[in-house]
Amino acid sequence: MALSKLEKIEHLSLGAVFDLTCSQEQPNPTELDSFIKGTQGSCIQRESGKLPGISNVSNCGRTMPVLKVLQTSHCKFNCKYCSFRQQNDRPRANLTPFEIAQVTAEMTQSGLIEGIFLSSGVGDNIRSTMTDIVDTAHILREKYLYTGYMHLKILPGASIDLIEAAGQYADRLSINMEAPTESTLREIAPNKGIKANILKQMQAIETLRRQGKINRRVGQTTQFVVGSSDDPGANDRALITAAGYFYRELNFRRIYYSAFNPVPGTPLADRSPENPRRSHRLYQADRLVAQYGFELKDFIFNDVGKLDLEIDPKEAWAKQHPELFPIDITKADPSQLIRIPGIGPITARKICQARVDGLLKSPDDFVKIGRIIDKSLDYILVNGRAGRLKPVKVPGNKTEQIELPFGYEKDKVTA
Ligand code: SF4
3 MALSKLEKIE
13 HLSLGAVFDL
23 TCSQEQPNPT
33 ELDSFIKGTQ
43 GSCIQRESGK
53 LPGISNVSNC
63 GRTMPVLKVL
73 QTSHCKFNCK
83 YCSFRQQNDR
93 PRANLTPFEI
103 AQVTAEMTQS
113 GLIEGIFLSS
123 GVGDNIRSTM
133 TDIVDTAHIL
143 REKYLYTGYM
153 HLKILPGASI
163 DLIEAAGQYA
173 DRLSINMEAP
183 TESTLREIAP
193 NKGIKANILK
203 QMQAIETLRR
213 QGKINRRVGQ
223 TTQFVVGSSD
233 DPGANDRALI
243 TAAGYFYREL
253 NFRRIYYSAF
263 NPVPGTPLAD
273 RSPENPRRSH
283 RLYQADRLVA
293 QYGFELKDFI
303 FNDVGKLDLE
313 IDPKEAWAKQ
323 HPELFPIDIT
333 KADPSQLIRI
343 PGIGPITARK
353 ICQARVDGLL
363 KSPDDFVKIG
373 RIIDKSLDYI
383 LVNGRAGRLK
393 PVKVPGNKTE
403 QIELPFGYEK
413 DKVTA
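Following this note's numbering, the numbering of the sequence shown begins with 3 at its first residue and continues without gaps.
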């Protein structure tokens with residue numbers, strides 16, 4: 003049965019939520035479950051009045067609504083974790099460049115969205131699908147004079163001329179690497195190769211950007227599927243090594259670590275889902291690499307190259323370096339401040355400003371800076387005074403509320 007345009011948009015927008023490379027929201031599990039199983043055909047029942055395809059995404063620290071949609075859900079590849087793999091018998095759909103451009107322009111005019119995230123299955127032919135993506139962008143920018151945010155997917159193996167064309171229109175480009183090593187990628191996505199059809203495209207984007215052949219504002223993102231393989235090489239050490247390269251050499255804006263979840267009907271359907279806490283620790287490590295100047299040697303890995311799930315990697319580093327703490331925050335430079343567990347760039351800036359204003363003389367003043375993370379108190383001095391007071395012993399072997407002198411928190415102390 004032929005699908006209406008709205009039904010196709012519903013199908014293709016729900017399919018796009020699997021790609022996290024511009025995400026802020028997590029997909030709705032109930033909707034996804036129906037979609038993955040294909041039990042409701044290609045048209046998902048939605049709350050009445052709720053429009054399909056709108057997700058909130060983060061761009062340069064601002065959250066905005068975007069239309070997140072696939073050009074096509076047809077795919078000739080057979081990635082083992084993916085619902086759209088060619089060998090899966092499931093509903094498919096595709097939209098023409100004109101259809102997507104028109105819907106995007108109308109939704110923008112109605113104030114529903116401020117951007118578009120356009121991803122896609124590979125279709126029958128990488129070049130023709132990538133051409134459709136570029137044509138959609140071209141029609142939007144040239145015919146509809148669209149000025150909103152635009153994130154375009156680069157397909158694995160896309161040719162450089164089409165990457166250059168996409169870069170004329172996009173604010174963001176992304177190609178998903180999925181796994182940090184060649185052997186793992188071949189295992190979970192047999193049609194893909196890091197060297198053969200992913201890394202070359204990533205490097206081309208950055209080369210074109212530096213040469214001024216595409217918009218200089220274009221930044222890249224990518225996504226890893228974490229825990230989809232038992233390959234010991236696909237460990238956290240390898241993921242953080244790759245992240246360091248992407249941020250340092252290729253001007254990446256973000257990297258996404260999607261905890262593996264088995265999809266019914268795929269070869270990995272019986273594999274256990276990855277512990278979401280692993281993704282959480284990887285995101286923490288990722289921020290340390292991207293914003294805090296951490297290098298591979300600063301992370302503590304176990305004997306199989308994984309981070310400790312029970313401790314923030316920054317605190318794990320601090321515990322390994324007792325010789326560096328406590329740090330007196332009235333004297334430390336910004337690069338030292340952001341190494342203190344619980345202190346990030348925003349708090350470090352506030353500390354520096356408070357020093358300039360003469361407002362940082364005691365632990366009490368530090369707490370007034372706002373949004374202080376409790377654990378930072380163990381690692382700091384303020385004008386030579388310890389950040390955390392020693393626990394107060396209460397006689398009588400009972401638990402009492404003790405108000406700390408500088409008003410940071412109320413703490414229960416057991417004598
Ligand atoms: S390339 Fe792989 S991950 Fe992308 S849609 Fe096709 S099968 Fe799915």
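Cβ coordinates follow ideal geometry from the N, Cα and C atoms, glycine included.
Exposed or buried, K194, counting other C-beta atoms within 10 Å across all chains shown (16 or more means buried)?
For the purposes of this step, residue 194 is taken as residue 192 along the sequence shown, with counting starting at 1. So K194 ends up on the buried side.
Does the distance between the C-beta of K194 and the nearest non-hydrogen atom of the ligand SF4 fall short of 8 Å?
What you label residue 194 is simply residue 192 of the sequence shown in a count that begins at 1. Yes, the beta carbon of K194 sits closer than 8 Å to at least one heavy atom of the ligand SF4.
V306 classed as buried or exposed, judged by whether at least 16 other C-beta atoms fall within 10 angstroms:
Position 304 of the sequence shown, counted from the start, is the residue given in the question as residue 306. Burial call: exposed.
Straight-line Cα distance separating R351 from P182
Residue 182 sits at position 180 when you count from the first residue of the sequence shown. Residue 351 sits at position 349 when you count from the first residue of the sequence shown. Approximately 34 Å between the Cα atoms of the pair.
6 Å CB neighbourhood of G150 in its chain, flanking five on each side removed:
The residue you call residue 150 lines up with position 148 of the sequence shown. So the list reads T110, E116, G117, once near-sequence residues are dropped.
Alpha carbon of I190 to alpha carbon of P266, nearest angstrom:
Counting from one through the sequence shown, the residue named residue 190 turns up at place 188. Counting from one through the sequence shown, the residue named residue 266 turns up at place 264. Spanning the two alpha carbons is a distance of roughly 15 Å.
Run the CB neighbour count on G389, radius 10 Å, all protein chains shown included, and call it buried at 16 or more, exposed below.
Translated into the one-based positions of the sequence shown, residue 389 becomes position 387. Under the 10 Å beta carbon count, G389 is surrounded by 16 or more other beta carbons and is classified as buried.
Cβ shell of Q338 (< 7 Å), same chain only, five flanking positions each side left out:
Translated into the one-based positions of the sequence shown, residue 338 becomes position 336. Correct list, in chain order: I329.
Grab the span of the alpha helix (DSSP H) containing Q111 for me, first residue to last.
As a position in the sequence shown, residue 111 is number 109, starting the count at 1. Unbroken alpha helix (DSSP H) run through Q111: 99-111.
Assigned secondary structure, G51 (DSSP; H/G/I helix, E/B strand, else coil):
In the sequence shown, residue 51 corresponds to position 49, counting from 1. The pLDDT assigned to G51 is 39, lower than 50, so where the model puts this residue is not dependable; a value taken from the coordinates is nonetheless given after this. If DSSP states are grouped into helix, strand and coil, G51 belongs with coil.
Less than 8 Å separating the Cβ of A191 from some heavy atom of the ligand SF4?
Position 189 of the sequence shown, counted from the first residue, corresponds to residue 191. Because some heavy atom of the ligand SF4 lies under 8 Å away, the Cβ of A191 counts as near it: yes.
How many Å lie between P315 and F296 at the Cα?
Taking the sequence shown and counting its residues from 1, the one referred to as residue 315 is at position 313. Taking the sequence shown and counting its residues from 1, the one referred to as residue 296 is at position 294. Rounded to whole angstroms, P315 to F296 spans 10 Å at the Cα level.
Using only the alpha-carbon positions, how far apart do R64 and D367 sit?
As a first step, residue 64 is located in the sequence shown; it is residue number 62 there, counting from the start. As a first step, residue 367 is located in the sequence shown; it is residue number 365 there, counting from the start. If you take the alpha carbons of R64 and D367, they lie about 30 Å apart.
Residue environment, F248, which counts as buried when at least 16 other CB atoms sit within 10 Å
If you number the sequence shown from 1, residue 248 lands on position 246. The residue in question, F248, is buried, as its Cβ has 16 or more Cβ neighbours within 10 Å.
From what residue to what residue does the alpha helix (DSSP H) around T138 run?
Here residue 138 corresponds to residue number 136 of the sequence shown, with the count starting at 1. Looking at the DSSP string, the run of the alpha helix (DSSP H) that includes T138 is 128-140.
Is there a Cβ from chain C that is less than 9 Å from the Cβ of L69?
The chain inventory of the structure shown lacks chain C, comprising one protein chain alone.
DSSP bridge partner residues for Q222 (one or two, in chain order):
Residue 222 sits at position 220 when you count from the first residue of the sequence shown. Answer by DSSP bridge pairing, in chain order: L175, F254.
Skipping 5 residues on each side, what residues in its chain have a beta carbon closer than 6 Å to that of R1?
Residue coverage of the chain in this structure runs from 3 to 417, which leaves residue 1 outside it and unanswerable.
Throw me the rounded Cβ distance for the D173 and M152 pair, which I believe falls under 8 Å.
Start at 1 with the first residue of the sequence shown, and residue 173 comes out as number 171. Start at 1 with the first residue of the sequence shown, and residue 152 comes out as number 150. Confirmed, Cβ separation roughly 5 Å.
For K155, count neighbouring C-beta atoms within 10 Å of its own C-beta (all shown protein chains included) and say buried if the count is 16 or more, exposed if not.
What you label residue 155 is simply residue 153 of the sequence shown in a count that begins at 1. It counts as buried.
Can you pull the DSSP bridge partners for M66?
Along the sequence shown, one-based indexing puts residue 66 at 64. DSSP, once it has assigned bridges, lists V59 as partnering M66.
With 16 other CB atoms within 10 Å as the buried threshold, where does P365 fall?
The residue labelled residue 365 in the question sits at position 363 within the sequence shown. Label assigned to P365: buried.
Given L72, which residues of its chain have a CB within under 6 Å of its CB, disregarding the five upstream and five downstream residues?
Numbered from 1 along the sequence shown, position 70 holds the residue referred to as residue 72. Excluding sequence neighbours, L72 sits near L14, G17, A18, S121, S122.
With DSSP collapsed to three states, give me the class of G2.
Lying before the first or after the last residue shown, residue 2 is absent from the chain, which here runs from 3 to 417.
How many Å lie between D335 and S185 at the Cα?
Here residue 335 is taken as the residue at index 333 of the sequence shown, counted from 1. Here residue 185 is taken as the residue at index 183 of the sequence shown, counted from 1. D335 and S185: Cα-Cα distance of roughly 43 Å.
Residue ranges of each alpha helix (DSSP H) within the region 241-316, 4 or longer:
278-293
For the ligand SF4, is there any heavy atom lying closer than 8 Å to the beta carbon of F100?
Walking along the sequence shown from the start, residue 100 turns up at place 98. Result no, Cβ not under 8 Å from the ligand SF4.
Report the residue from G113, S161, T106 whose alpha carbon sits nearest the alpha carbon of L147.
Sequence index remark: in the sequence shown, residue 147 carries index 145 (1-based). Checked all of G113, S161, T106; the closest Cα to L147 is T106.
Starting from the C-beta of L201, find all residues in its chain whose C-beta is less than 7 Å away, skip the five residues before and the five after it, and write them out in chain order.
Position 199 of the sequence shown, counting from 1, holds the residue named residue 201. Within the same chain, L201 has no close Cβ partners at all.
Is Y148 near the ligand SF4, with its Cβ less than 8 Å from a heavy atom?
On the sequence shown, position 146 is the one that residue 148 refers to. Every heavy atom of the ligand SF4 is 8 Å or more from the Cβ of Y148, so no.
Which residues in the same chain have their Cβ closer than 7 Å to the Cβ of I313, if we skip the five residues on either side of it in sequence?
What you label residue 313 is simply residue 311 of the sequence shown in a count that begins at 1. Closer than 7 Å at the Cβ level, and outside the excluded window around I313, lies no residue.
Return the chain-ordered list of same chain residues with a C-beta closer than 7 Å to the C-beta of I128, the five sequence neighbours on each side being excluded.
Numbered from its first residue, the sequence shown carries residue 128 at position 126. Around I128: L157, G159, A160.
Quick one: is I302 buried, meaning 16 or more other Cβ sit within 10 Å of its Cβ, or exposed?
Sequence index remark: in the sequence shown, residue 302 carries index 300 (1-based). Exposed: under 16 other Cβ atoms inside 10 Å.
What first and last residue would you give for the beta strand (DSSP E) that runs through H13?
Sequence index remark: in the sequence shown, residue 13 carries index 11 (1-based). Premise fails: H13 lies in the alpha helix (DSSP H), 7-18, not in any beta strand (DSSP E).
Based on DSSP bridge pairs, tell me the residues matched to M152.
On the sequence shown, residue 152 is found 150 positions in, with the first residue counted as 1. M152 is bridged to I118.
Give the single residue among P234, I340, E276, A240 whose Cα lies nearest to the Cα of M179.
Looking up residue 179 in the sequence shown gives position 177. Checked all of P234, I340, E276, A240; the closest Cα to M179 is A240.
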